[in-house]
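Chemist: I am attaching a structure below and will ask some questions about it afterwards.
Number of protein chains: 4
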Amino acid sequence: MGAVKSKRVPRAVREQQMLDAAVLTFARRGYRAASMDEIAELAGVSKPLVYLYLNSKEDLFNTVIRRESAALVAAVRSAVEPGAAADRQLCSGLKGFFAHTAEHPYGWAVLHQQARTHGEPFAREVAALRAEIVAFVTELLGAAAKEAGCVGELAEREVAGLAHALVGAAESLAEWANVRTDEGTSGDPEHPSAKDTAATMMNFAWMGLNQLMGGERWAPGGLVDHESGSCARR
Amino acid sequence: MGAVKSKRVPRAVREQQMLDAAVLTFARRGYRAASMDEIAELAGVSKPLVYLYLNSKEDLFNTVIRRESAALVAAVRSAVEPGAAADRQLCSGLKGFFAHTAEHPYGWAVLHQQARTHGEPFAREVAALRAEIVAFVTELLGAAAKEAGCVGELAEREVAGLAHALVGAAESLAEWANVRTDEGTSGDPEHPSAKDTAATMMNFAWMGLNQLMGGERWAPGGLVDHESGSCARR
Amino acid sequence: MGAVKSKRVPRAVREQQMLDAAVLTFARRGYRAASMDEIAELAGVSKPLVYLYLNSKEDLFNTVIRRESAALVAAVRSAVEPGAAADRQLCSGLKGFFAHTAEHPYGWAVLHQQARTHGEPFAREVAALRAEIVAFVTELLGAAAKEAGCVGELAEREVAGLAHALVGAAESLAEWANVRTDEGTSGDPEHPSAKDTAATMMNFAWMGLNQLMGGERWAPGGLVDHESGSCARR
Amino acid sequence: MGAVKSKRVPRAVREQQMLDAAVLTFARRGYRAASMDEIAELAGVSKPLVYLYLNSKEDLFNTVIRRESAALVAAVRSAVEPGAAADRQLCSGLKGFFAHTAEHPYGWAVLHQQARTHGEPFAREVAALRAEIVAFVTELLGAAAKEAGCVGELAEREVAGLAHALVGAAESLAEWANVRTDEGTSGDPEHPSAKDTAATMMNFAWMGLNQLMGGERWAPGGLVDHESGSCARR
DNA sequence: AATGAATGAGCCTTCATTCAT
DNA sequence: AATGAATGAAGGCTCATTCAT
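Protein chains in written order, with my numbering: chain S, 3 to 236; chain C, 3 to 236; chain R, 3 to 236; chain B, 3 to 236.
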């Protein structure tokens, strides 16, 4: 039913077919509800073969998570220009992120929705991925602060909080953009492209960060100059 | 094992005990992996009683979702002062949100992580909750734009995108704050309080929004004045 | 839901209400599928009361069987005139049988369909009922043979077989007549009345019996005179 | 415990073993009381295999009913000689029926006792079987009437009633013969053979029918000539 | 006379996993 | 390289039955 039956396929290829089937099935059903039967059928092979190659359901899920994690990280990393200014790096990273999640919705669903919700072994794997991305963002924010000549006003905890907020906002937008995309016509030129979504994120986040680095803080009733402008605004 | 065994309890009370046990179990294991046996044991009753009162696993999960949704919405709604300025409303709403999610981490986990990942019947319920919150935020942003004298510069889609980003950021921070809390000593006075987290969010988001309303946009290389300053900055 | 709730009813009455509910439920669902919950609800009482009065599901079913058996036997017995000719007795007995089964379809369903199909304890009870009726019929056939001056030509086994055939035919017609009745309008004057059905049975059976007693037998190719006409034909 | 354990059996064979076990179990316990565990054990396999091959208890029961129905119909059909006289056809059909039910008592019990008593899905299946047989008999009676030169005196309803009576009588005799058989020694040469039972039926029914076709009817007090002998008696 | 609260036991069904070829 | 045959274990759900009032 799934793939066309082609016998005698080399192992490496078969494994990828199985992983593809697994990604789709895990995304659609969730880890527990996905059955090895369904995955095997979708991959066009018998169940014992899945076990021969991937050992167990748990191993299979882990392999899936790792493959999708690696692909996402690679996409983001390859999108940024190493030497550029921090804001450009952030923007191009976001663009890469949105583009990849839009192109691999099932992989993203597995990472974002399924892997976190099914107990320790998997959650850790995805937490590591997220931590890596958050660290990357935190680094960029630090670099940006330095570029802007801002010295030490942003406490580490504050930076970490901002990075988490930024990543959460990006995740939320990724989902929103995908849903919007699904609704429109497939070739809809109106749907928010990765570039547009990245721009929205930058508009939302960067300018506020900029001001934060300038020492301004929000307070009920208006802005306050938290610390005298020891931090040059760009 | 769970609660102290107290025999012959009126139905209304037992039902709440069961729902409490269910929240905890669903949060820990996920919908599929949670067994009715475990829930019943945790509630200190036999399984048939759970079925007698809550009908089925699906009904139980739905009831849990609705109870937790209602509690969250009530917490947020009761936190905002209806007549106040938009930024104050947003801030107090966030504070209510962070406080509630911190106090009810399992309920929040069920809503945020589990309900969305387990098929149509539940996902819709939570999608409705999220839509309600996003709508609330969108409304606040619109009001803020009006207050700021900003007329029409922010396209509807842009506002919606911002609202989604904001909600996503808040969700991410809620999780982050909770984890931080869990790790520290239980009574840790250092852990980010709801007030602190709300302040972080406001700092991250509000100032950027403010500038957006002022017509400024981020662009590679620096800020640009997208439209001549037709929108007074506060 | 079932009966109107009337509290404080004397035991004898309540028991009959329960038995009525049980007859209906057992007929509709079968012994195993009928739940004590449904019976109790239909009787308008709580389950413990059913247990208090009728002890157990098995006892309840037995009580039902005995009540319905007794009613059927009484109906048949009271329909025949003790002193009449054998054929008249048989005819009026059949009339009583068809009339009673038509008036008490649920009771008849329990006896005919349910009680026989659910293991030893109940099957025996109904077998006894059937044996009683078969014995009654056998007796009538014997009397008829004697009346007809037929002496000993009908072997006992043959008579017993005929009685069984006759009873089976009557049961089958009872069902058929009831179904026919259900289909027609409730007051349908066309549907086969008990009298008509009894007549059909008599036409079907009696005349053949008559000839049997006359010594004739069926054989491929035509009738044969099994024994020289030592048995006067009426 | 049931069959001798023989591992690795092809599916088609296993399925028949399972169906055999199911027939026996359903006949002994009834549909509801029969457990899949018992059936599986009797078939010498594990429960999951039963589900793998037969899908569900309901499907299993349906498959059983259809297999046994088909076998019974085939036995009866193959017993009659198509071109023969109506009475010979009826007699040989009955012989086939009694022989088959005697050889397959459990199959017959499932059809006759269990399937009719367990709700719509199954009852319909068996009702169809019975209707087929009744139709066959009705046809034979009609043919016999024509052969006998009887024109139209037997109303359709009357014929249908007679056919039902005949089938009911046959069913009753089948059960009676089986019980008798069970009680006697297994190889008892005295127990009523299918041939004998068929003869009893023919004696019981055919001669009466013959007279009915001759226009005679039973009436209290004696026979009457319902219509002047327009119908030649054989 | 009557009931709300509660449970032990069992059944249908499914699933991850292995064996033998 | 690949599969048809088979199962131990567990989970959702229901039911007859009892306890305490």
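Note that the Cβ used here is the ideal one computed from N, Cα and C, for glycine as well.
(1) By the three-class DSSP mapping on this structure, what secondary structure does residue 218(C) have?
(2) Kindly indicate if chain R contains any beta-carbon less than 8 Å away from that of residue 164(B).
(3) With DSSP collapsed to three states, give me the class of residue 107(B).
(4) So, is the C-beta of residue 102(C) closer than 8 Å to a C-beta in chain S?
(5) Please state the DSSP three-state secondary structure of residue 250(B).
(6) Going by C-alpha to C-alpha distance, which of 146(S), 23(S), 114(S) and 149(S) sits closest to residue 59(S)?
(7) Relative to the C-alpha of residue 199(C), which candidate in 164(S), 38(S) and 13(S) has its C-alpha closest?
(8) As a quick exercise: from 32(C), 220(C) and 94(C), pick the residue whose alpha carbon is nearest that of residue 202(C).
(9) Return no unless some Cβ of chain B is closer than 8 Å to the Cβ of residue 222(R).
(10) Ordered along the chain, which non-local residues of its own chain (more than five positions away) have a Cβ less than 8 Å from that of residue 80(S)?
(11) Please go through the segment 112-184 of chain R and give each complete alpha helix (DSSP H) segment of 4 or more residues, from N-terminal end onward.
(12) Let me make sure I understand the geometry here. Which of 102(C), 113(C) and 219(C) has the alpha-carbon closest to that of residue 195(C)?
(13) Between residue 134(S) and chain C, is any beta-carbon pair separated by less than 8 Å?
(14) For residue 70(S), collect the residues of the same chain with a Cβ closer than 8 Å to its Cβ; drop the 5 residues on either side in sequence, then sort them by chain order.
(15) For residue 129(R), which of 35(R), 76(R), 104(R) and 169(R) has the nearest alpha-carbon?
(16) So residue 149(C) packs on residue 88(C), CB below 8 Å; how close in whole Å?
(17) If residue 28(R) and residue 124(R) are in contact, beta carbons under 8 Å, what's the gap, nearest whole angstrom?
(18) Under 8 Å, do residue 143(S) and residue 211(S) count as touching if we go by C-beta distance?
(19) Between 19(R), 215(R) and 61(R), which lies nearest to residue 127(R) when the distance is taken from Cα to Cα?
(20) Beta-carbon within less than 6 Å of residue 181(B)'s beta-carbon, same chain only, minus the 5 sequence neighbours each way: which residues are those?
(21) Helix, strand or coil for residue 47(R) per DSSP?
(22) Could you give the distance in angstroms between the alpha-carbon of residue 53(R) and the alpha-carbon of residue 220(R)?
(23) Judging by CA-CA distance, which residue of 135(C), 119(C) and 118(C) is the nearest neighbour of residue 72(C)?
(24) Quick check on residue 33(R): does DSSP put it in helix, strand or coil?
(25) Less than 7 Å between C-beta atoms, sequence neighbours within five positions excluded: which residues of the same chain meet that for residue 190(S)?
(26) Less than 8 Å separating the beta-carbons of residue 120(B) and residue 32(R)?
(27) Please report the straight-line C-alpha distance between residue 37(B) and residue 74(B), rounded to a whole angstrom.
(28) Please report whether the beta-carbon of residue 175(R) lies at a distance below 8 Å from any beta-carbon of chain B.
(29) Let's test the definition: count the other Cβ atoms within 10 Å of the Cβ of residue 173(C) and tell me whether it reaches 16, buried, or not, exposed.
(30) I need the straight-line Cα distance from residue 175(C) to residue 166(S), nearest angstrom please.
(31) Please report whether the beta-carbon of residue 217(R) lies at a distance below 8 Å from any beta-carbon of chain B.
(32) Using the rule of at least 16 other Cβ atoms within 10 Å of the residue's Cβ for burial, across every protein chain shown, is residue 1(R) buried or exposed?
(33) Rank 92(S), 86(S), 44(S) and 115(S) by C-alpha distance to the C-alpha of residue 137(S) and give the top, closest one.
(34) Residue 242(C) by DSSP, collapsed to three states: which one?
Modeler: Reading off the structure:
(1) strand
(2) Using a Cβ-Cβ cut-off of 8 Å, residue 164(B) counts as an interface residue toward chain R, since at least one Cβ of chain R sits closer than that to its own.
(3) helix
(4) no
(5) The structure shown does not extend to residue 250(B), since chain B is modelled only from 3 through 236, so no value can be given for it.
(6) 23(S)
(7) Considering only 164(S), 38(S) and 13(S), the residue with the shortest C-alpha distance to residue 199(C) is 164(S).
(8) 94(C)
(9) yes
(10) 98
(11) Within the segment 112-184 of chain R, the complete alpha helix (DSSP H) runs of at least 4 residues are 121-149.
(12) 102(C)
(13) no
(14) 25, 106, 109, 110, 112 and 113
(15) 169(R)
(16) 6 Å
(17) At roughly 10 Å, the Cβ-Cβ gap does not stay under 8 Å, so residue 28(R) and residue 124(R) are not in contact.
(18) yes
(19) When only C-alpha atoms are compared, the closest one is 61(R).
(20) none
(21) coil
(22) 56 Å
(23) 135(C)
(24) coil
(25) At residue 190(S) the pLDDT is 46, less than 50, meaning the model places this residue with poor confidence; the figure from the coordinates comes in the next sentence. Around residue 190(S): no qualifying Cβ.
(26) yes
(27) Here the alpha carbons of residue 74(B) and residue 37(B) stand approximately 25 Å from one another.
(28) Closer than 8 Å: yes.
(29) buried
(30) 6 Å
(31) no
(32) Summary: the structure shown does not reach residue 1(R), with chain R confined to residues 3 through 236, and so no result is reported for it.
(33) 92(S)
(34) The question about residue 242(C) has no answer, for chain C in this structure spans 3 to 236.
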